[in-house]
Amino acid sequence: MKIKDHFLTQEIFEIKETETEGVFKTSPIPSNISKYYESEDYISHHQDSGSLKEKLYKFLQSFNLQYKKNILIDRIKKNSRVLDYGCGAGEFVKFIEKDFKTFGYEPDADARQAAKSKTSNVQIIADINLIQDDSLDAITLWHVFEHIENQEETLKTFHNKLNQKGLLIIAVPNPTSYDARHYKEYWAAYDVPRHIFHFSKKGMENLISKNPDWKIRKIKPLVLDSYYISMLSEKYKKSPLFWLKAIIYGTISNVKALFSNEFSSLIYVIEKR
0 MKIKDHFLTQ EIFEIKETET EGVFKTSPIP SNISKYYESE DYISHHQDSG SLKEKLYKFL
60 QSFNLQYKKN ILIDRIKKNS RVLDYGCGAG EFVKFIEKDF KTFGYEPDAD ARQAAKSKTS
120 NVQIIADINL IQDDSLDAIT LWHVFEHIEN QEETLKTFHN KLNQKGLLII AVPNPTSYDA
180 RHYKEYWAAY DVPRHIFHFS KKGMENLISK NPDWKIRKIK PLVLDSYYIS MLSEKYKKSP
240 LFWLKAIIYG TISNVKALFS NEFSSLIYVI EKR
């Protein structure tokens with residue numbers, strides 16, 4: 000499938016299935032990939048602008064933050080050590096800092112500074128090697144794993160940093176959801192070339208099952224993602240009533256997913272073996 004970078008450059012990329020069934024990769028990957036993040040509108044890296052899109056994002060985000068935090072609270076003890084990998088501007092680490100000993104890893108200097116400005120209790124780092132091996136109870140990646148090209152190496156690093164029975168929690172968009180199939184090449188969560196990989200539910204299960212060091216313990220939905228992704232997709236299609244159509248198709252996607260479990264975004268709770 001050929002996909003346009005609707006967000007920034009309007010360049011065309013192709014998505015091809017990898018040797019792992021259900022895992023797809025964007026092609027080609029630009030050598031200067033960092034330039035594709037250079038926009039004030041890139042939601043992970045900017046400060047409050049007051050735009051309608053951002054206000055909606057922040058509204059949905061407040062519910063998602065609590066939902067994500069509850070996943071941790073249900074599985075690890077209070078004051079456990081948690082690393083948010085790819086913490087962006089620091090919303091999640093700020094939200095959980097009172098409950099856990101929290102760290103944030105962020106390679107982008109501007110986003111890292113934004114995260115540091117929001118909290119004084121969280122250690123924000125640019126090098127994961129500053130974290131001791133076998134020291135973490137959980138590592139979270141909220142829509143970050145799809146941005147990582149060297150995934151096998153990164154998974155090994157995570158395995159080293161987690162303690163026995165530590166949790167790796169990965170949230171990624173699902174290209175086999177109803178909204179993805181409905182919007183096709185306009186589906187905002189393809190977000191090429193920033194999203195290097197694309198994981199169907201089966202694809203993530205296949206990827207993890209290939210590695211005996213991990214076991215998927217639970218798969219949970221991110222229900223609100225379908226609305227935000229649908230809104231962006233409708234805007235890419237230049238729909239005049241983008242917000243209304245986003246509500247309609249986001250709801251259809253979630254209702255269908257109640258029976259298929261193919262939600263717009265999925266959270267994989269993975270345990271270290």
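For what it's worth, numbering that gives the first Met the number 0 labels the leading residue of the sequence shown as 0, then goes sequentially. No residue lacks a Cβ here, since even glycine has one placed at the ideal position from N, Cα and C.
First through last residue of the beta strand (DSSP E) which encompasses residue i
i: PHE99; result: No beta strand (DSSP E) contains PHE99, which DSSP labels as neither H nor E.
i: LYS24; result: 22 to 26
i: ILE11; result: 11 to 16
i: LYS217; result: 213 to 220
i: ILE273; result: Residue 273 lies beyond the residue range present for the chain, which begins at 0 and ends at 272; the question has no answer from this structure.
Test item: CB-CB of residue i and residue j under 8 angstroms
i: GLU96; j: ASN120; result: yes
i: GLY89; j: LYS117; result: yes
i: ASN205; j: THR19; result: yes
i: PHE23; j: ILE14; result: yes
i: PRO172; j: SER263; result: yes
i: ALA113; j: ILE266; result: no
i: SER38; j: LEU64; result: no
i: GLU145; j: PHE196; result: yes
i: GLU261; j: LYS214; result: no
i: GLY165; j: ASP126; result: no
i: ILE130; j: PHE157; result: no
i: ASP178; j: TYR248; result: yes
i: LEU161; j: ASN210; result: no
i: GLU277; j: ILE2; result: Residue 277 cannot be examined here, being either before or after the span of the chain that is shown, 0 to 272.
i: ARG216; j: GLU270; result: yes
i: ILE168; j: VAL268; result: yes
i: PHE102; j: GLN122; result: yes
Inter-residue spacing [alpha-carbon to alpha-carbon] between residue i and residue j
i: HIS44; j: THR175; result: Summary for HIS44: the model assigns pLDDT 48, below 50, so the residue's position carries little reliability, and this model does not support an answer.
i: CYS86; j: LYS100; result: 15 angstroms
i: ARG111; j: ILE124; result: 8 angstroms
i: LYS224; j: SER134; result: It should be pointed out that residue 224 corresponds to Asp in this sequence rather than to Lys. About 32 angstroms.
i: ASP4; j: PRO239; result: 21 angstroms
i: ASP73; j: LYS219; result: 13 angstroms
i: LYS93; j: ILE246; result: 29 angstroms
i: ILE70; j: ARG80; result: 14 angstroms
i: ILE32; j: ASN149; result: 14 angstroms
i: LYS77; j: MET0; result: 45 angstroms
i: ASP107; j: LEU140; result: 15 angstroms
i: PHE62; j: HIS142; result: 16 angstroms
i: TYR226; j: ARG272; result: 35 angstroms
i: THR17; j: ASP109; result: 33 angstroms
i: TYR66; j: PHE58; result: 13 angstroms
i: GLN163; j: GLN9; result: 45 angstroms
Residue i: first and last residue of the uninterrupted alpha helix (DSSP H) it sits in
i: ASN253; result: 241 to 259
i: ASN159; result: 150 to 160
i: TYR267; result: Here TYR267 belongs to no alpha helix (DSSP H); instead the beta strand (DSSP E) covers 264 to 271.
i: LEU82; result: Unbroken run through LEU82 is the beta strand (DSSP E), 80 to 84; no alpha helix (DSSP H).
i: ILE147; result: Unbroken run through ILE147: none, as it is neither H nor E.
i: GLN131; result: Run containing GLN131: none; DSSP gives neither H nor E here.
i: ARG180; result: 177 to 182
i: ARG111; result: 108 to 117
i: LYS234; result: 224 to 235
Taking contact to mean at least 3 C-beta pairs separated by less than 8 angstroms, is the segment 225 to 234 in contact with the segment 180 to 188? Yes, since at least three Cβ pairs between the segment 225 to 234 and the segment 180 to 188 fall closer than 8 angstroms, the two stretches touch.
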